[in-house]
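For the sequence shown, this note's numbering assigns the number 8 to the initial residue and increments by one for each residue that follows.
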Amino acid sequence: MTEIFTGSFTQQEPIPQEGIEAAIAVLNHGRLHRYNVAEGEFSEAALLEQEFAAQTGAKYCVAVASGGYALACSLRAVGVQPGETVLTNAFTLAPVPGAIASIGAKPEFVGVTDELVIDLDDLEAKLGHAEVLMLSHMRGHLCDMNRLMQMCDAADVTVIEDCAHTMGAHWRGVPSGRQGAIGCYSMQTYKHVNSGEGGFLITDDEEIAARAIILSGSYMLYERHLAAPGPEVFERVKYTTPNVSGRMDNLRAAILRPQLRDLETQVKRWNERYDVVEQGLSETPGLKLVKRHPNARPVGSSIQFLLLDWSPKAVNAVISRCAARGVELKWFGGAEPAGFTSRYDSWRYTEAERMPASDRILTGIVDMRLPLTFSLDDCALIARIIRAEVGAVWQQHSV
Ligand SMILES: *Cc1c(COP(=O)(O)O)cnc(C)c1O
Numbered sequence: 008m009t010e011i012f013t014g015s016f017t018q019q020e021p022i023p024q025e026g027i028e029a030a031i032a033v034l035n036h037g038r039l040h041r042y043n044v045a046e047g048e049f050s051e052a053a054l055l056e057q058e059f060a061a062q063t064g065a066k067y068c069v070a071v072a073s074g075g076y077a078l079a080c081s082l083r084a085v086g087v088q089p090g091e092t093v094l095t096n097a098f099t100l101a102p103v104p105g106a107i108a109s110i111g112a113k114p115e116f117v118g119v120t121d122e123l124v125i126d127l128d129d130l131e132a133k134l135g136h137a138e139v140l141m142l143s144h145m146r147g148h149l150c151d152m153n154r155l156m157q158m159c160d161a162a163d164v165t166v167i168e169d170c171a172h173t174m175g176a177h178w179r180g181v182p183s184g185r186q187g188a189i190g191c192y193s194m195q196t197y198k199h200v201n202s203g204e205g206g207f208l209i210t211d212d213e214e215i216a217a218r219a220i221i222l223s224g225s226y227m228l229y230e231r232h233l234a235a236p237g238p239e240v241f242e243r244v245k246y247t248t249p250n251v252s253g254r255m256d257n258l259r260a261a262i263l264r265p266q267l268r269d270l271e272t273q274v275k276r277w278n279e280r281y282d283v284v285e286q287g288l289s290e291t292p293g294l295k296l297v298k299r300h301p302n303a304r305p306v307g308s309s310i311q312f313l314l315l316d317w318s319p320k321a322v323n324a325v326i327s328r329c330a331a332r333g334v335e336l337k338w339f340g341g342a343e344p345a346g347f348t349s350r351y352d353s354w355r356y357t358e359a360e361r362m363p364a365s366d367r368i369l370t371g372i373v374d375m376r377l378p379l380t381f382s383l384d385d386c387a388l389i390a391r392i393i394r395a396e397v398g399a400v401w402q403q404h405s406v
């Protein structure tokens with residue numbers, strides 16, 4: 008009998024009851040705007056920032072409207088000017104080069120290795136081109152952060168980390184997002200906590216924090232923040248920092264606070280699911296699993312594997328055969344951008360040099376989400392289906 012999977016790859020878990028109740032309390036009192044507080048009250052947004060700062064060990068935290076907003080806000084906060092080049096990963100999602108383009112700067116792409124991390128040799132060659140690296144921990148794969156930070160520090164390049172896929176991940180026991188000058192996160196539905204939309208920016212730098220708070224749309228109400236520098240820092244930046252509104256509101260903050268408290272439990276559950284799929288796919292002929300750095304504790308909210316040097320026809324055959332059995336795979340190598348996936352050569356608002364070594368990797372990346380609504384049995388079934396279909400195509404085409 009042919010096994011079929013019937014679950015949904017885009018179905019998240021419900022918002023925890025505590026979050027629903029906190030949201031209803033906000034709806035009942037009606038003070039949804041983060042600066043609309045009753046006498047002596049701290050807003051949900053301010054409390055959320057304080058809690059996330061404590062959780063990551065950062066001095067300062069700003070909650071904003073989206074992950075993409077946090078990235079663009081970071082670039083402005085560190086002073087990137089229109090026309091300047093910002094280095095970033097060739098393997099990432101569209102909001103990352105999009106954030107760079109949104110402030111009139113130019114993304115320059117750095118290659119990807121078969122561990123799906125930034126190619127540090129390529130980075131070394133390009134470090135002289137820019138003052139800022141927007142490092143995307145795409146799909147949760149962490150590069151050798153020690154080497155990266157040494158290289159960037161030596162070249163005086165500021166690192167902004169895109170931690171959309173590493174909220175809850177660690178590098179040598181330290182939360183991801185704490186190695187660079189700024190860490191940015193997304194709370195959009197498909198990330199590790201879910202408020203529909205939302206973003207965080209964390210930093211230890213008081214001026215970056217003050218600028219980010221003013222940029223985010225604080226008007227002159229910055230004293231209502233709890234994870235912010237003192238008023239004297241705002242005095243230094245308040246006349247020269249524009250207000251580019253993109254605030255977090257109290258409704259979403261209320262939904263997020265209990266989810267952040269549960270993050271560690273959720274990370275464990277994701278990693279259990281990842282391990283089951285990885286185990287089920289191990290030693291599948293023609294399929295290469297992605298090695299993860301021993302110093303990293305990632306979050307397995309998705310899994311990638313490589314069909315390296317397979318023809319586009321064969322990769323498409325695997326994807327459609329898996330789809331017919333209910334397993335939704337995404338191909339980063341597809342020539343046309345589709346759904347959430349696109350490649351650097353689809354971002355034609357910027358000029359990108361071809362990177363043949365990276366193209367070979369990108370062409371082979373197959374990606375799958377692992378929502379927590381999947382049971383461990385579901386994960387084992389999914390792995391059996393992929394294994395069988397990869398095997399069947401591999402035999403037919405002997406690619
Ligand atoms: C989701 C995501 C972001 C930010 O996305 P928003 O949808 O703006 O919250 C940034 N980088 C990566 C890699 C992402 O997947």
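Glycine included, each C-beta is placed from N, C-alpha and C at the ideal position. As the structure is a prediction and not an experimental result, all values here were calculated from the model.
Burial state of residue i (16 or more Cβ within 10 Å)
{"i": "M8", "result": "exposed"}
{"i": "Q273", "result": "buried"}
{"i": "A171", "result": "buried"}
{"i": "S289", "result": "exposed"}
{"i": "P238", "result": "exposed"}
{"i": "G47", "result": "exposed"}
{"i": "N35", "result": "exposed"}
{"i": "F49", "result": "exposed"}
{"i": "G90", "result": "exposed"}
{"i": "K298", "result": "exposed"}
{"i": "R154", "result": "exposed"}
{"i": "E10", "result": "exposed"}
{"i": "S365", "result": "buried"}
{"i": "A260", "result": "buried"}
{"i": "Y192", "result": "buried"}
Proximity test, residue i beta-carbon vs ligand 1 heavy atom, cut-off 7 angstroms
{"i": "D169", "result": "yes"}
{"i": "H172", "result": "yes"}
{"i": "S202", "result": "no"}
{"i": "T17", "result": "no"}
{"i": "P102", "result": "yes"}
{"i": "M145", "result": "yes"}
{"i": "T95", "result": "no"}
{"i": "Q311", "result": "no"}
{"i": "S193", "result": "yes"}
{"i": "T99", "result": "yes"}
{"i": "G26", "result": "no"}
{"i": "K198", "result": "yes"}
{"i": "G307", "result": "no"}
{"i": "G206", "result": "yes"}
{"i": "G187", "result": "no"}
{"i": "S252", "result": "no"}
{"i": "G237", "result": "no"}
{"i": "G90", "result": "no"}
{"i": "G75", "result": "yes"}
Residue i CB to nearest heavy atom of ligand 3 below 7 angstroms
{"i": "S223", "result": "As presented, the structure is devoid of ligand 3, carrying ligand 1 as its sole ligands."}
Member of the options whose CA lies at the smallest distance from the CA of residue i
{"i": "A70", "options": "P344, R376 and T210", "result": "T210"}
{"i": "D374", "options": "M145, G75 and R38", "result": "M145"}
{"i": "S109", "options": "T95, K133, M158 and R83", "result": "R83"}
{"i": "A112", "options": "I125, L130 and V139", "result": "V139"}
{"i": "A60", "options": "A234, N257 and L39", "result": "A234"}
{"i": "Y76", "options": "A219, Q286 and Q19", "result": "A219"}
{"i": "K133", "options": "T99, G105 and T95", "result": "T95"}
{"i": "P249", "options": "G341, P378 and A217", "result": "A217"}
{"i": "L267", "options": "T92, G175 and E28", "result": "G175"}
{"i": "I393", "options": "F347, V334 and V181", "result": "V334"}
{"i": "R361", "options": "F116, P21, E20 and P23", "result": "F116"}
{"i": "A387", "options": "Q57, R376 and V284", "result": "V284"}
{"i": "L379", "options": "A161, K198 and E396", "result": "K198"}
{"i": "G190", "options": "D212, T247 and A261", "result": "D212"}
{"i": "G37", "options": "N302, N257 and P319", "result": "N257"}
{"i": "G203", "options": "A72, F381 and W401", "result": "A72"}
{"i": "Q157", "options": "H148, L127 and R243", "result": "L127"}
{"i": "A53", "options": "V322, H40 and Q402", "result": "H40"}
{"i": "G341", "options": "S318, S308 and Q19", "result": "S318"}
{"i": "V33", "options": "F312, I221, E51 and F16", "result": "E51"}
{"i": "M141", "options": "G206, Q62 and A106", "result": "A106"}
{"i": "G230", "options": "F381, N43, D160 and K295", "result": "This sequence places Glu at residue 230; Gly is not what is there. Ranking F381, N43, D160 and K295 by Cα distance to E230 puts N43 first."}
{"i": "V240", "options": "I215, A97 and L222", "result": "I215"}
Minimum Cβ-Cβ distance from residue i to chain D less than 8 angstroms
{"i": "N278", "result": "The displayed structure is made up of one protein chain only, and chain D is not part of it."}
What residue ranges within the region 161-235 form continuous beta strand (DSSP E) runs of no fewer than 3 residues, ordered along the chain? Within the region 161-235, the complete beta strand (DSSP E) segments of 3 residues or longer fall at 165-169, 189-193 and 206-210, listed in chain order.
Please specify which runs of the beta strand (DSSP E), each continuous and at least 3 residues long, are wholly inside the region 67-151, giving them in chain order. For the region 67-151, the full-length beta strand (DSSP E) segments reaching 3 residues or more read 67-71, 92-96, 113-117 and 139-143 along the chain.
Could I get the ranges of all uninterrupted alpha helix (DSSP H) runs contained in the region 318-374, with 4 residues as the minimum, in chain order? As far as the region 318-374 is concerned, its whole alpha helix (DSSP H) runs of at least 4 residues are 319-331 and 363-371.
Where are the alpha helix (DSSP H) runs, 4 residues long or more, that stay fully inside the region 256-325, in chain order? Here the runs fully enclosed are 257-268 and 270-288.
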